[in-house]
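S.K.: Here's a structure for you.
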Amino acid sequence: MMAAACARTLSKVARLVLDTPTCRLTNTAALVPRISMRCQGRAYGTGGAGFRSRTLLAAPVRGSGRVLGCAFLLGGGFGLYQTVKLTLQRHLAEEKSNAPELGTDLKLTLYQYKTCPFCSKVRAFLDCHGLPYEIVEVNPVMRQEIKWSTYRKVPILMVNGTLQLNDSSVIISVLKTYLVSREKTISEILTCYPEMKAKNDSGKDVIEFGNKYWVMVQDTDADRLYPGKDTRKEEIKWRKWADEWLVHLISPNVYRTPTEALASFDYIVREGKFGTFEGFFAKYFGAAAMWIISKRLKNRHHLQDDVRQDLYKAVNDWVSAIGKNKKFMGGDQPNLADLVCVFLEV
């Protein structure tokens, strides 16, 4: 309710500014705060495309009152998204502190990069559902910690030391299926997500997984898990949207300039598992490489010259899809789409 009220107020202010023929920048600009967003990421192989780190998304205000009004509207959408994000984080924190560990015999080990967004969403799922797990931090250069695996991306989740789950979306779907319906083992559930070879946009062979956005439960369990009309369909749609669109906006926004790229990799090196030489190499050569790659991604996905606008639009699309009458995409409780779309940005 607070988020909706803030958004409505900002919209009214924007309309008033838009109705003003001119607006003196010297008197007004000081009232408009800079907008910032904190992102983290990984510049090496992850459970999907897209990388992140810390940056400041500053929206400078220039020109007439009409531009200022547009800034208010844009800020309203972004502010609403941040409010929803904060609400979800508080909700999950309360839920985690109050929920006892589930009665499972699963011993879970997560192989990850700390700053990888796909690892972040797996951790968010495990924490939200009270599942205990151990973390193995992987060196992003040598990757000796996963040398035993033919699958060379993270996250990787080992179950009871023997069963390997790959791909962040598959990990989440498999575990959610298991928690909702205990009729099948993890191994049996995993067969519902077959591994397939495919080619990406560049023609390179990649591994994909069938049904990875589906929670495979019986109709009775599905009715309980997805009580609203089209709830299941919406969850699948937005989980897929996060992997296929939202994540591709990150690199072009994080590595816009050489200076931003270097600042991003400074954070990545400090948070990651790097040696002295590896850290130096990753910081300077990685920053240069990702600055070039981000330009290619911008062209490949047909982003605007000002890539911030695509990111803002994506945030506004997400907030609009939730609507004014729901706390989360899942209704009163966050669903898998909420976890993915929000914690992809953490």
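Using UniProt numbering, the letters of the sequence shown correspond one by one to residues 1 to 346. Beta carbons are placed, not taken as given, at the ideal position from N, Cα and C, and that holds for glycine. It should be emphasised that the depicted structure is a prediction, and the values quoted were computed from it without experimental measurement.
1) Could you tell me how far apart the beta carbons of D221 and S181 are, in whole angstroms, since I believe they sit closer than 8 Å?
2) Please report the distance separating the alpha-carbon of G48 from that of K240.
3) Look at the alpha carbon of A337 and the alpha carbon of L225, and state the distance between them as a whole number of angstroms.
4) Alpha carbon to alpha carbon, how far is E183 from residue 350? Give it in angstroms, no decimals.
5) Are the stretch 149-165 and the stretch 111-126 touching by the rule of at least three beta carbon pairs closer than 8 Å?
6) Where DSSP assigns a beta bridge to V170, which residues make up the other side?
7) What does the Cβ neighbour count give for W148, buried or exposed, with the cut at 16 atoms within 10 Å?
8) Within 10 angstroms of the Cβ of T162, are there 16 or more other Cβ atoms? Answer buried if so, exposed if not.
9) Buried or exposed: D243, going by 16 or more other Cβ atoms within 10 Å of its Cβ?
10) Do V170 and F281 count as a contact pair if the criterion is CB distance below 9 Å?
11) Looking only at its own chain, which residues have a Cβ that is under 6 Å from the Cβ of F328, when we skip the five neighbours before and after it?
12) Among residues of its own chain, excluding the 5 on either side of D266, which ones have a beta-carbon nearer than 7 Å to its beta-carbon?
13) Taking all protein chains shown into account, decide if V206 is buried (16 or more other Cβ within 10 angstroms of its Cβ) or exposed.
14) If you draw a straight line from the alpha carbon of Y133 to that of E145, how long is it in whole angstroms?
15) Between F277 and the ligand ADP, is there a pair consisting of the residue's CB and a ligand heavy atom that are separated by less than 8 Å?
16) Report the residue ranges of all alpha helix (DSSP H) runs contained in full by the UniProt domain "GST N-terminal" (110-175); include only those spanning at least 4 residues, in chain order.
17) Taking 9 Å as the threshold (C-beta atoms), are H302 and P252 in contact?
18) Taking the alpha-carbon positions, what's the A59 to T177 distance?
19) Is the beta carbon of G330 sitting closer than 9 Å to the one on E235?
20) Determine the closest residue to M245 out of D306, K324 and K298, with distance taken between C-alpha atoms.
21) Assuming A198 and F343 form a contact by the criterion Cβ under 8 Å, report the distance between their Cβ atoms to the nearest whole angstrom.
22) Sort out for me which residues DSSP pairs K240 with in a bridge.
23) Assuming P227 contacts G210 (C-beta within less than 8 Å), just tell me the rounded distance between them.
24) State the DSSP-derived secondary structure class of L344, mapped to helix, strand or coil.
25) With a threshold of 16 other CB atoms inside 10 Å of the CB of Q309, please say whether the residue is buried or exposed.
26) Give me the DSSP bridge partner(s) of K197.
27) Measuring alpha carbon to alpha carbon, tell me which residue in D332, A314, N325 and K326 is nearest C341.
28) Can you tell me where the alpha helix (DSSP H) with P258 in it begins and where it stops?
29) So, at 6 Å on beta carbons, what are the nonlocal neighbours of K233 in its own chain, with the 5 sequence-adjacent residues on each side left out?
30) Might you give, ordered along the chain, the residues of its own chain that have their beta carbon closer than 8 Å to the beta carbon of V136, omitting 5 neighbours on each side?
31) Under the DSSP definition of a beta bridge, which residues are partnered with G331?
32) Pull up the DSSP beta-bridge partners for L108, would you.
33) Taking DSSP as the reference, what is the three-state secondary structure of F274?
34) Do you know how far the Cα of T231 is from the Cα of I189?
35) Ignore the nearest five residues each way along the sequence and tell me which others in D201's own chain have a CB closer than 7 Å to its CB.
M.R.: The short version:
1) 5 Å
2) The predicted model places G48 with a pLDDT of 43, which falls under 50 and marks its position as unreliable, so this point remains unresolved.
3) 13 Å
4) This structure leaves residue 350 out entirely; the chain is present only between 1 and 346.
5) In short, these stretches touch, since the Cβ pair count reaches three.
6) Per DSSP, none; premise fails for V170.
7) Exposed, since its Cβ has fewer than 16 Cβ neighbours within 10 Å.
8) By the 10 Å Cβ count, T162 comes out exposed.
9) buried
10) no
11) P334 and D338
12) K283.
13) Exposed is the call here.
14) 17 Å
15) The ligand ADP is absent from the structure shown, which contains no ligands of any kind.
16) Runs of the alpha helix (DSSP H) inside the UniProt domain "GST N-terminal" (110-175): 117-128.
17) no
18) Its pLDDT being 39, under 50, A59 is placed unreliably by the model, and the measurement read from it follows with that caveat. For A59 and T177, the distance between alpha carbons rounds to 42 Å.
19) yes
20) Looking at the sequence shown, residue 245 is not Met but Trp. The residue with the shortest Cα to Cα distance from W245 is K298.
21) With a Cβ gap of about 26 Å, A198 and F343 do not count as contacting.
22) None; K240 has no bridge partner.
23) P227 to G210, Cβ: 27 Å. No contact.
24) coil
25) exposed
26) I207
27) A314
28) P258 to E271
29) none
30) T109, L110, Y111, Q112 and E145
31) F328
32) Y133 and V159
33) coil
34) 22 Å
35) R300, listed in sequence order.
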